[in-house]
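One structure is given here, and the rest of the page talks about it.
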């Protein structure tokens, strides 16, 4: 494994290996001294051409706890803002001898394009509305932990995962669908038809507008953020209507199976796609997702840079 | 200089030995002894091709293309006339700007260069450009290409006003609300998977549906550029069947040959506007070109520098080269498959575009006394396309690496050889 660009790139063995090693990394997170020497001498540049707090911080902590030298470059402070092309920016930094780029970009496909220009490994930290593979991995990790905590089998097969919200613009849903196609979870997508991606019927998942039914049978209910600009874009009439029709309201929490979990990749719009009652419910694993993010990213970096498959 | 060409077959299958003397076709006996003898045995002689849709980039973007380089590419593709789209800097929206483009063509051209005027000032879609003054300079085709004349009233006024001058509006049909500035991928399961801003097929056809009704209502002359969808074909077929509107339509070589999956690698060479479509649309436009619903092939030759392509897909410049490959693509898809004879190729790529663009001396049949605008074609030669050998200054060649016909042996424009292999 040289790059991680798409969740579809991962074989079942690779995905399992990343999740298993992440469990070991998660142990490190609980130690008072959180440092492994695995990536000592390795240099990772976090290139965030689009604003992000949680993903950038998560990758930065992951790199630092693995003893890599991590450097953050933001789109605004880089030569990109001076008019340099993405290609020249990548070639320039690659020439410095960097081992890995972690890239977030507002344009779909930009991370794959960047990977084609550099020698270093590239991790896709979210490209436009395309993919966010480490999010799907941390979601899978959180799901597995949850299954175990509930005394369920830790297999994804036979589990129902409802993903609800702005699917059209979501890179999270695309990576989750691709990863679960490998891991075996059964996905049900719920969104108003205006927020469904074209061709979603070819994704091999169920699609419905019946949120109550989808929730009632789900082992995982993953709510996706509805961005502010969608609220004025004619995708649905009002935030109030959206919350009523497609939000995880306090009432809908009552429909959940007792063993089900509520997940959300954040940041949450409380009162729109998720009520505070749901976000703060016992079934909520939202903060576990954040915690898992660091461990999973440590594991991804280890697989790319430090493990047997290292470049 | 003069030529004597012997052994060539014409588009209708007949044979013609001819001379080229003083810019016209003549009897072989009219050539003097110094004339160059060309053995065209096994070759097909066609009237020089006419492109109603070329981007030459001069003035304004001479690092991507100049009149000299673009028209050399045209000559290599068998063209003897190109219509230069007005999305230049400055835009061709005044008589003076049109005159300047025409002058550049006379100075540097390897084929005839005919300026297209903008419909609206600065191609901004708000106010009519000086259509009449441009028409006085000989401009007959008007287009805001790259941008859609989306305001219904502006379109109505342009169609009506241009009737005085036998002028025509050539529309870039793209509803700006249904397919906004970032739209770059045919709306399909591919755009859905890739998360690329979607360009739905209906964003084209709803504009054309409106326009053909305005054309009928006003009696104005209307041309739909780069038709890419099955729905647009249906609308044009319907409007032509009514027989009350003066409408024509065009298709590009790339929309005829290349499909949406080419963008799956995010290779911006394949970013073009309108986007590459899927097979059902491609078959519809092929059929429409064969049956004449679509009148012509226009290349939409759109050179871009590598730095304008080395961007994320949604912000890279849209467009691809076409002048050198257009005839090869048409041969591969239609002649070599038996769907079109040479006479139909001549109509779609020479006679009809000359007629629509009001160039009476181009697109003429090859016969003694006619202007010497012609191309000699080897119907069997093939080659692997190599973008590095293009006459264009740009390298955004979507056919790179494909095995295609390599037909053009010689191009003659106004009696002089503008290209020979």
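Protein chains in written order, with our numbering: chain A, 1 to 311; chain B, 1001 to 1421.
Just so you know, even glycine gets a beta-carbon here, dropped at the ideal spot from N, CA and C.
- The alpha-carbon of residue 148 (chain A) is positioned some 18 Å away from that of residue 293 (chain A).
- In this structure, the alpha-carbon of residue 1333 (chain B) lies about 43 Å from that of residue 49 (chain A).
- Collapsing the DSSP output to three states places residue 1038 (chain B) in a strand.
- Counting only runs of at least 4 residues, the stretch 1082-1162 of chain B fully encloses the following alpha helix (DSSP H) elements, listed from N- to C-terminal order: 1095-1108, 1131-1136 and 1152-1161.
- Of the candidates A:195, A:44, A:123 and A:74, A:74 places its Cα closest to the Cα of residue 51 (chain A).
- Sequence-distant partners of residue 1381 (chain B) (beyond 5 residues in either direction) whose C-beta falls short of 6 Å from its own C-beta, in its chain, are 1406.
- Neighbours of residue 174 (chain A) across chain B, judged by C-beta separation under 8 Å: 1193 and 1195.
- With a cutoff of 8 Å on beta-carbon distance, residue 210 (chain A) and residue 159 (chain A) are scored as not near each other.
- In this structure, the alpha-carbon of residue 1328 (chain B) lies about 53 Å from that of residue 267 (chain A).
- Residues of chain B with a Cβ closer than 8 Å to the Cβ of residue 86 (chain A) are, in chain order, 1310, 1311 and 1312.
- Beta-carbon to beta-carbon, residue 1082 (chain B) and residue 1054 (chain B) are separated by about 4 Å, close enough to satisfy the 8 Å threshold.
- In terms of beta-carbon proximity, residue 184 (chain A) stays away from the interface with chain B, with every pair separated by 8 Å or more.
- Considering only beta carbons, the part of the stretch 1262-1274 of chain B lying closer than 7 Å to chain A consists of 1266, in chain order.
- Look at the beta carbons and you see the stretch 194-206 of chain A not touching the stretch 260-274 of chain A: under three pairs across the two are nearer than 8 Å.
- For residue 1212 (chain B), the closest alpha carbon among the candidates B:1230, B:1335 and B:1171 is that of B:1171.
- Going by C-alpha positions, residue 1326 (chain B) is about 10 Å away from residue 1257 (chain B).
- Taking all protein chains in view, the Cβ of residue 276 (chain A) is surrounded by fewer than 16 other Cβ atoms within 10 Å, so the residue is classified as exposed.
- Assignment of residue 113 (chain A) by DSSP, reduced to helix, strand and coil, places it in the helix class.
- Rounded to the nearest angstrom, the Cβ distance from residue 139 (chain A) to residue 105 (chain A) is 21 Å, too far for a contact under 8 Å.
- Annotation for residue 186 (chain A): the continuous beta strand (DSSP E) segment containing it runs 186-190.
- Between residue 1285 (chain B) and residue 1052 (chain B), the CB-CB gap reaches or exceeds 8 Å.
- Interface criterion met: the Cβ of residue 1187 (chain B) is under 8 Å from a Cβ in chain A.
- For residue 134 (chain A), the enclosing alpha helix (DSSP H) starts and ends at 133-149.
- Runs of the beta strand (DSSP E) lying entirely within the stretch 1227-1304 of chain B, each at least 3 residues long, are 1246-1251 in chain order.
- Against chain A, the CB of residue 1307 (chain B) has a partner CB under 8 Å away; the residue lies at that interface.
- Rounded to whole angstroms, residue 1287 (chain B) and residue 1323 (chain B) show a C-alpha spacing of 22 Å.
- DSSP lists B:1170 and B:1248 as the beta-bridge partner residues of residue 1223 (chain B).
- Per DSSP, the continuous alpha helix (DSSP H) segment holding residue 243 (chain A) begins and ends at 239-246.
- Residue-level contact check: residue 123 (chain A) does not touch chain B, since none of the beta carbons of chain B fall below 8 Å from its beta carbon.
- Of B:1414, B:1413 and B:1344, the smallest CA-CA separation from residue 1013 (chain B) is found for B:1344.
- Looking at the DSSP output, residue 1207 (chain B) sits in no beta bridge, so it has no partner there.
- With the criterion set as a beta carbon lying under 8 Å from some beta carbon of chain A, the members of the stretch 1162-1189 of chain B are 1187, 1188 and 1189, in sequence order.
- In this structure, the straight-line span from the alpha carbon of residue 1186 (chain B) to that of residue 1199 (chain B) is close to 5 Å.
- In this structure, the beta-carbon distance from residue 212 (chain A) to residue 255 (chain A) falls below 8 Å.
- Look at residue 110 (chain A): its C-beta is under 8 Å from a C-beta on chain B.
- The stretch 276-292 of chain A and the stretch 118-126 of chain A do not touch, with fewer than three beta-carbon pairs separated by less than 8 Å.
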